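A short worksheet on the structure shown next.
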Amino acid sequence: MLMFLVNRAAYMYRFVLLLCGLLVSVGVLAGQELPDYPIQKLSRHVYVIHGPVGLPNPKNQGFMNNPVVVITAAGVVVIDPGSSLYSGRMVLRQLRSISSKPVTHVFNSHIHGDHWLGNQAIRDAYPKVKIYAHPRMIEEAKAGGGDSWVKIMERVTRGATAGTRPVYPTHALKDGQLIKVGGISFRVYLGKHQHTMTDAMIEVVEDSVMVTGDNALYTRIGSMDDGSFRGNIAALDLAIKLNSKVYIPGHGPSGDASVIKPYKTYLETVYNMASRLSEDGLADYEMKGKIAAKLKAYWDWAGFEIEFGRHISLAVLEYEQAGF
Ligand SMILES: [Zn+2]
C-alpha cells in the first residue's frame, strides 16, 4: 500500500511538472513580479536603475540591463525599460517614487529583448506613449525578432517572464535627430553596424549624460553575433569624444568615461590581435591562449567564458571580409 502511495506521489509530481512546462510554453502560466531595485540619481534630470550584472536567468528573472528615467517639465522619458512586462512594471514603480508625471516618450537602444520587452508595461499604463528606435530595429522586431526574444527570455528564466509580449516602437529615429521634451534635448546617434545593426545611442544634452546601449558594457562581455568590432569601436570613439560627464552603459555601473573605455580596449585587443595572428597563419584555437593572456583584466567579467572564443572567430571573419 505504502509503495503504491509513493509511486502515485512520484507520478503526480511528474505530471504537475509536465503541466507547468506545457502552460509556460503556451503562455498560460503567469510570470513573476520583480523585486524593487533602487533608482539612483545621476544628474539633475537623469536617474538609472542598475540591473544586476550577469546573463538572464531564473534568479534575476531576466532583469540585468540599466533602465534610464529622465524627468522633464512635460513628462517622463524612459530609455530601455528592460526584458519583460515585469521589469517594465518595476521601472514604473520606481519612477513613481520620484515623479507623478506621465511617461510620454520611450527610447529603445537596440533589438536585444533584454532592453525593450518592458515596453509592454509602459504602453499598458500610458497608451499614448511614443516609442522610438532605430528604423532597422523596428523592422527586425516586427519580422520575428520580437517573438523570438519573448521565447528566449521565457526559456532562460524558466517562465519568470511569461505573459510578456512584444510591444513595438511606434516612431523611427534619424541619425543626428534632436528630440525636445519639456526643455530637455535628446540627441540621437544611430549606427549602421556596431553592437548590432540596430543601435541608437541617446545623449541627454543639458545634463551631459550619454546612454550608450550595449555599445558599451562594463564588467560584462556582450554578444557580437550580429555586431561589428570596427563599428562598435568607432561608436565608442564617438561617445568618448563627446566628453560627457556621465556614461550609462547597457549593463554594469555608470560613471565617467572610465566605465566605457575598458570595453573599447577589450574589443580592440581581440580584433587587432586576431587580425595579426591570422595574417601569421594561426588558426582560431591557436590564438585563443595568446589573446586571453592580454585580457586578464576581463576574465572575471560576466559572459567572458561564453563569448570570448566566439569573439575571436567573429573577429577573424570580419578581418577577412574587410580585406575584400
Ligand atoms: Zn545587446
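Per the working numbering, residue 73 is the first one in the sequence shown, and the count goes up by one each step.
The beta-carbon is built from N, C-alpha and C at its ideal position, and this holds for glycine as well.
Bear in mind the structure is a predicted one, so any value in this text is a computation, not a measurement.
Please state if the CB of residue j and the CB of residue i are separated by a distance shorter than 8 angstroms.
i: Y370; j: I293; result: yes
i: F135; j: G154; result: yes
i: Y240; j: A272; result: no
i: M359; j: L349; result: yes
i: G285; j: H187; result: yes
i: F179; j: I312; result: no
i: S316; j: M282; result: yes
i: T236; j: H182; result: no
i: L22; j: A205; result: Lying outside 73 to 396, the shown extent of the chain, residue 22 is not represented and no answer is given.
i: S103; j: S156; result: For the record, residue 103 in the displayed sequence is Gly; it is not Ser. In contact: G103 and S156 (Cβ atoms closer than 8 angstroms).
i: V222; j: P207; result: no
i: S326; j: L127; result: no
i: L308; j: K264; result: no
i: D108; j: R165; result: yes
i: K362; j: M345; result: yes
i: H177; j: K202; result: yes
i: E211; j: S295; result: no
Helix, strand or coil, according to DSSP, for residue i in the structure here?
i: V318; result: strand
i: A387; result: helix
i: Q112; result: strand
i: T337; result: helix
i: S97; result: Here the model assigns S97 a pLDDT of 48, short of 50, so the residue's position is not dependable, and the following value carries that caveat. Helix, per DSSP.
i: F380; result: helix
i: V141; result: strand
i: R208; result: helix
i: H243; result: strand
i: F87; result: Unreliable positioning characterises F87 in this predicted model, as indicated by a pLDDT of 49, which lies under 50. The coordinate reading is nonetheless provided below. Correct three-state label for F87: helix.
i: I203; result: strand
i: K131; result: coil
i: L349; result: helix
i: Y198; result: coil
i: H267; result: coil
i: C92; result: No answer about C92 holds up, because its pLDDT of 47 lies below 50 and its placement is not dependable.
i: L189; result: coil
i: K366; result: coil
In chain order, what residues of the same chain have a beta carbon less than 7 angstroms from the beta carbon of residue i, not counting five sequence neighbours either side?
i: N304; result: Q266, H267, N287 and L339
i: A145; result: G254 and G255
i: V96; result: Confidence at V96 is low in this model, with a pLDDT of 47, below 50, so its placement is unreliable and no value can be given for it.
Pick out whichever of the options has its Cα sitting closest to the Cα of residue i.
i: V318; options: Y335, D298 and V277; result: V277
i: L250; options: H243, V260, A374 and H117; result: V260
i: N132; options: V342, T229 and L314; result: T229
i: M209; options: G235, R227 and T242; result: T242
i: V142; options: S156, P130, S171 and R165; result: S171
i: G395; options: S347, S295 and P207; result: S347
i: A314; options: P334, D298 and D279; result: Going by the sequence as given, residue 314 is Leu instead of Ala. Checking every option, the nearest Cα to that of L314 belongs to D279.
i: E377; options: L386, E105, A364 and Y335; result: A364
i: N137; options: G322, T337, Y335 and S169; result: G322
i: G353; options: S257, V388, I320 and T337; result: V388
i: F258; options: V118, P110 and P130; result: V118
i: L386; options: A306, D298, L310 and I320; result: D298
i: E392; options: G381, E351 and G375; result: E351
i: L106; options: A193, G185 and H184; result: A193
Who are the near neighbours of residue i in its chain, counting only those whose CB is closer than 8 angstroms to its CB and skipping five residues on each side?
i: P139; result: V120, I121, G123, V150, I151, D152, P153, G154, S159, V163 and G190
i: E390; result: S300, F301, R302 and Y343
i: D247; result: V260, Y261 and L262
i: G93; result: For G93, the predicted structure reports a pLDDT of 48, less than 50, and the residue's modelled location is therefore unreliable. A value from the coordinates is still provided. Nothing meets the Cβ criterion.
i: V355; result: According to the sequence shown, residue 355 is Ala rather than Val. Answer for A355: no residue qualifies.
i: K252; result: F258
Can you find the residues in the same chain that come closer than 6 angstroms, C-beta to C-beta, to residue i, ignoring five residues on each side of it along the sequence?
i: T291; result: V125, G324 and W373
i: P174; result: G147 and Y198
i: Q112; result: V120
i: V98; result: In this prediction, V98 has a pLDDT of 48, which is less than 50 and means its spatial position is unreliable; what the coordinates show is noted afterwards. Cβ within range, chain order: n/a, list empty.
Which partner residues does residue i have in the DSSP bridge list?
i: I274; result: V260 and V283
i: V253; result: I256
i: Y119; result: K113 and V141
i: I151; result: V140 and F179
i: G56; result: This structure gives no information on residue 56, because the portion of the chain shown stretches from 73 to 396.
i: R168; result: Its beta-bridge partners do not exist; DSSP assigns none.
i: R302; result: Paired residues: none, contrary to the question.
i: R292; result: A374
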